[in-house]
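Using UniProt numbering, read the sequence shown as starting at 1 and increasing by one per residue.
All residues carry an ideal CB built from backbone N, CA and C; glycine is no exception.
No experiment lies behind these values; they were computed from the predicted model shown.
A short write-up of the structure that comes next.
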Amino acid sequence: MPTPSAEITLTTSRALGLVAIASGEDYQQAHHALKDAGFSRLSNGAFVSPLTDAQSARSTASALVHHAHEHGATITTSPRPRPYLGDIGTEIAARLPGTWSAELEIYSHPLWQEDLWPML
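Following this line, the structure appears as structure tokens:
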């Protein structure tokens, strides 16, 4: 039987800093690794760590590698120059006429993602 997956995808946001999104059947292990490394969880399910201090950012990234390994999670980085999707939604909403807002929702488990297909 294959081992359930626990994945962490990293990207950057101009507003939030380093953004991490956990996914996979065993996404909870990725959540534990991110919390243990010092990331803060947002209400939408993404995790963030500021990039304002270079030394602190390096320390957090190093801790993430260690804790991800401990929790059996893999880490991938979003290809550059792909921006964080939450930033894109906010930028689109700001350019629409009237008052709009955008909110990113994270569906970490693959079964939750499959449930969305009929609505697309």
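- For G17, no alpha helix (DSSP H) run applies; the uninterrupted beta strand (DSSP E) run containing it begins and ends at G17 to S23, by DSSP.
- In this structure, G17 lies near P50, with their beta-carbon atoms less than 8 Å apart.
- Its chain contains A6, Q29, A30, H32, A33 and D36 as the residues whose beta carbon lies nearer than 8 Å to that of H71, once the 5 sequence neighbours on both sides are disregarded; these appear in chain order.
- The residue among T99, S101, T90 and I106 with its C-alpha nearest the C-alpha of A15 is T90.
- In the DSSP assignment, T90 falls within the unbroken alpha helix (DSSP H) covering L85 to R95.
- Looking at the backbone, the Cα of V19 and that of Y84 are separated by about 8 Å.
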